[in-house]
Amino acid sequence: MNKEYKTSTPTDSEIVFGILNNSENALERLYVAYFPMALQLIINNNGTPDDAKDIYQEAIIVLYNKIKKGDFELNSKLKTFIYSVCRRLWLKRLSQMSRYSGDLHDFQDFLPVEDELEEQSERDAQFGKMQQALQLLGEPCKTIIEDFYIHDRSMQEICESFGYTNADNAKTQKYKCLQRLKKLFFQQK
Amino acid sequence: MRDEQLLETIERYLNGEMSADERRAFEILRTENAETDQRVIEHQQFTGLLKQYGDRVELEKRLNAIHEEIDVHTIAEEVSVRPMWIVQLWRHHHSKISVAASIAIFAILATLFITGKMDSNSTYQELSLKVDRIGSATNNLSKTVNALKNTTTRVLPQDKFRGTGFAITSNGLIATAYHVIDRADSVFVQNAAGRVFKAKVMYTDPRNDVAILKISDTTFTGLGAIPYTFKRAESGLAENVYTLGYPQDSAVYNSGWVTSHDGLNNDTVDYEISVPVNRGSSGAPLLDSKGNIVGIVKAKETHLEGVHFALKSAYLLNAIENMAVADSLIKKPVLNTKNMLAGLTRVQQVKKLQNYVFMVKVY
Chain A
1 MNKEYKTSTP TDSEIVFGIL NNSENALERL YVAYFPMALQ LIINNNGTPD
51 DAKDIYQEAI IVLYNKIKKG DFELNSKLKT FIYSVCRRLW LKRLSQMSRY
101 SGDLHDFQDF LPVEDELEEQ SERDAQFGKM QQALQLLGEP CKTIIEDFYI
151 HDRSMQEICE SFGYTNADNA KTQKYKCLQR LKKLFFQQK
Chain B
1 MRDEQLLETI ERYLNGEMSA DERRAFEILR TENAETDQRV IEHQQFTGLL
51 KQYGDRVELE KRLNAIHEEI DVHTIAEEVS VRPMWIVQLW RHHHSKISVA
101 ASIAIFAILA TLFITGKMDS NSTYQELSLK VDRIGSATNN LSKTVNALKN
151 TTTRVLPQDK FRGTGFAITS NGLIATAYHV IDRADSVFVQ NAAGRVFKAK
201 VMYTDPRNDV AILKISDTTF TGLGAIPYTF KRAESGLAEN VYTLGYPQDS
251 AVYNSGWVTS HDGLNNDTVD YEISVPVNRG SSGAPLLDSK GNIVGIVKAK
301 ETHLEGVHFA LKSAYLLNAI ENMAVADSLI KKPVLNTKNM LAGLTRVQQV
351 KKLQNYVFMV KVY
């Protein structure tokens with residue numbers, strides 16, 4: 001099955017509706033379809049396959065969020081959009097590493113995508129802070145918070161898995177944990 | 001404690017777990033109490049961010065899982081732009097190539113330096129050789145042209161033989177060695193300034209190897225007074241003598257001593273001298289330190305280094321006298337008796353002498 005996906009390029013609308021409907025398949029087909037394009041761009045411009053993976057995944061996340069938010073208009077091709085985002089991100093990465101020679105070897109047409117990326121990078125910064133705060137929070141707080149707020153598990157379930165005899169104890173624990181997480185999150189610059 | 005309860009209330013409110021009455025009461029509290037309202041918004045935002053963060057982590061996991069399935073290496077092979085093999089060779093090996101090139105250049109320079117090819121002298125030699133060759137080629141050409149046109153323009157061909165001569169009178173009588181002008185078609189003499197005059201042979205004495213020429217050229221206007229005198233008496237052993245000759249294009253000075261009164265095979269007509277002379281010096285004057293002509297340079301001993309011979313001046317004087325006797329049309333030349341070199345230094349002597357010593361060119 002997988003092999004077939006690799007050779008057939010899905011249509012743009014298939015992908016967009018697939019992602020909107022949370023189809024696992026759509027994301028995978030999207031990813032597989034355009035990865036070679038991103039790889040080509042990056043390894044022929046001073047990058048490694050690992051760089052290509054990072055950049056491409058970031059671009060897919062940008063596209064994914066844009067589709068989820070419902071503001072991806074089908075007037076530009078997915079391919080062009082992904083290529084433009086990859087290109088922009090790679091240019092930024094190159095200049096950060098001061099490896100940019102002033103000349104990028106292009107393989108596709110591209111669009112200006114600065115606005116989307118700015119929004120993305122702001123969110124990425126927030127996520128970075130959150131990740132950091134969760135790391136610092138330590139166990140069992142981290143698991144309690146993740147289970148309750150991210151994985152939507154009920155207090156009852158959490159109570160059982162942590163072996164709290166009293167649901168109130170668990171609630172108090174969760175409250176303290178959240179307060180600490182907020183503190184850690186807002187302390188960061 | 002109150003805070004914890006508030007948070008729980010907010011969560012119940014946000015999760016829609018309140019009853020309709022409770023909800024209405026809480027919404028009134030929000031509108032009335034700005035602090036509570038602020039807490040609600042803040043909590044909503046923070047938990048929202050937390051949720052989004054979770055989603056992102058989840059999405060990244062999924063993407064990584066998909067990525068695992070892809071054969072990156074094969075695709076990379078397919079999509080990479082292959083530069084020309086020579087460019088690839090350069091990219092992979094440029095450091096080695098550079099080192100190799102530097103070593104090669106160094107080796108070439110070192111070899112050139114060691115073998116002396118870098119020495120400018122060798123180039124100079126080659127060059128002069130070339131010039132010589134071009135010169136002779138030009139001369140040959142001129143010769144041919146001349147023969148064809150049979151004009152009177154004087155173009156001198158390459159001389160076959162070359163010697164030295166010196167003036168014995170100011171009207172152009174020149175003494176030289178007989179072997180210099182032996183079997184000559186024509187004889188020319190060239191002075192220190194490079195002017196060439198035609199000369200004719202007046203008298204020869206093959207036995208003593210002496211010859212007398214006369215400048216017959218119409219452009220010749222005579223020489224100044226001869227500065228040296230001629231000594232008839234024999235010079236003593238160890239007498240310091242010197243010579244000025246034309247073994248090359250410019251005059252060459254050499255000095256030495258009279259080493260014997262007898263020449264080769266005890267020949268009494270010659271002195272043996274230690275003055276180093278070369279081919280082309282034949283016929284050059286041999287003078288003593290007071291500026292008297294004491295002989296004519298003749299020959300060198302081929303097997304012994306530094307042994308040379310000069311005809312004694314007495315035989316030259318005999319030849320001059322005999323010349324007048326042999327041909328009654330020739331007046332006996334009057335030789336200079338006033339020595340102008342005696343008080344001068346050697347440098348000054350040679351400077352004066354130069355104007356009376358000629359290169360004899362034989363064709």
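Residue numbers (this note's numbering), protein chains in the order written: chain A, 1 to 189; chain B, 1 to 363. Glycine included, C-beta positions come from ideal geometry on N, C-alpha and C.
{"query": "Minimum Cβ-Cβ distance from V72 of chain B to chain A less than 8 Å", "result": "yes"}
{"query": "Bridge partner(s) assigned by DSSP for S255 of chain B", "result": "B:Y242"}
{"query": "N21 of chain A at chain B interface by Cβ criterion, 8 Å", "result": "no"}
{"query": "G365 of chain B: contacting residues in chain A (beta-carbon distance under 8 Å)", "result": "With chain B covering only 1 through 363, there is no way to say anything about residue 365 of chain B."}
{"query": "Residues in the stretch 62-91 of chain A having any Cβ partner in chain B nearer than 7 Å", "result": "Y64"}
{"query": "Cβ of N44 of chain A within 8 Å of any chain B Cβ", "result": "yes"}
{"query": "Where V201 of chain B falls: helix, strand or coil (DSSP)", "result": "strand"}
{"query": "Short CB-CB distance (under 8 Å) between R180 of chain A and chain B", "result": "no"}
{"query": "Contact check, R207 of chain B vs P247 of chain B, beta carbons under 8 Å", "result": "no"}
{"query": "DSSP-derived helix/strand/coil call for V307 of chain B", "result": "coil"}
{"query": "E352 of chain B: first and last residue of the uninterrupted alpha helix (DSSP H) it sits in", "result": "Checking the sequence, you will find Lys at residue 352 of chain B rather than Glu. Where K352 of chain B is concerned, the enclosing alpha helix (DSSP H) stretches over 346-354."}
{"query": "Burial state of W90 of chain B (16 or more Cβ within 10 Å)", "result": "exposed"}
{"query": "Separation of S95 of chain B from L59 of chain B, as counted between CA atoms", "result": "45 Å"}
{"query": "Any chain B beta carbon closer than 8 Å to E28 of chain A", "result": "yes"}
{"query": "Runs of beta strand (DSSP E) wholly within the stretch 173-218 of chain B (minimum 3 residues, chain order)", "result": "173-176, 187-190, 196-205, 210-215"}
{"query": "Expected contact under 8 Å - CB spacing of I212 of chain B and F358 of chain B to nearest Å", "result": "Contact doesn't hold; Cβ gap of about 13 Å is too wide."}
{"query": "Nearest candidate by alpha-carbon position, reference L63 of chain A, set A:Q40, A:N45, A:D50, A:Y34", "result": "A:Y34"}
{"query": "C-beta neighbour in chain A for E4 of chain B, strict 8 Å", "result": "yes"}
{"query": "With 16 other Cβ atoms within 10 Å as the buried cut-off, status of K171 of chain A", "result": "buried"}
{"query": "Contacts around G256 of chain B, its chain only, beta-carbon distance under 6 Å, and the 5 residues preceding and following it disregarded", "result": "I273, S274, V275"}
{"query": "Nearest to D288 of chain B (by Cα), restricted to the options B:D182, B:A342, B:V210, B:H261", "result": "B:A342"}
{"query": "Helix, strand or coil at I55 of chain A [DSSP, three-state]", "result": "helix"}
{"query": "Selection from B:A251, B:I10, B:I181 that minimises the alpha carbon distance to F161 of chain B", "result": "B:I181"}
{"query": "Interface partners of K142 of chain A on chain B, CB under 8 Å", "result": "Here the premise fails: no neighbours, minimum Cβ distance about 12 Å."}
{"query": "Pair within 8 Å by beta-carbon distance, L111 of chain A and S76 of chain A", "result": "yes"}
{"query": "DSSP-derived helix/strand/coil call for G163 of chain A", "result": "coil"}
{"query": "Cross-strand partners of I293 of chain B (DSSP beta bridge)", "result": "B:F230, B:L287"}
{"query": "Burial state of E77 of chain B (16 or more Cβ within 10 Å)", "result": "exposed"}
{"query": "Buried versus exposed, by CB contacts within 10 Å (16 or more), H308 of chain B", "result": "buried"}
{"query": "As assigned by DSSP and simplified to three states, the class of V87 of chain B", "result": "helix"}
{"query": "Uninterrupted alpha helix (DSSP H) stretches inside the stretch 15-99 of chain A (no shorter than 4 residues)", "result": "24-43, 49-69, 78-96"}
{"query": "Local Cβ density within 10 Å of K332 of chain B, reported as buried at 16 or more and exposed below that", "result": "exposed"}
{"query": "D270 of chain B, DSSP secondary structure in three states", "result": "strand"}
{"query": "Between the CA atoms of K200 of chain B and T369 of chain B - distance to the nearest angstrom", "result": "Here chain B covers residues 1 to 363 and nothing more, so residue 369 of chain B does not appear."}
{"query": "Any C-beta of chain A under 8 Å from that of S102 of chain B", "result": "no"}
{"query": "Contact set for K68 of chain A: own chain, Cβ-Cβ below 8 Å, skip 5 residues either direction", "result": "I19, L20"}
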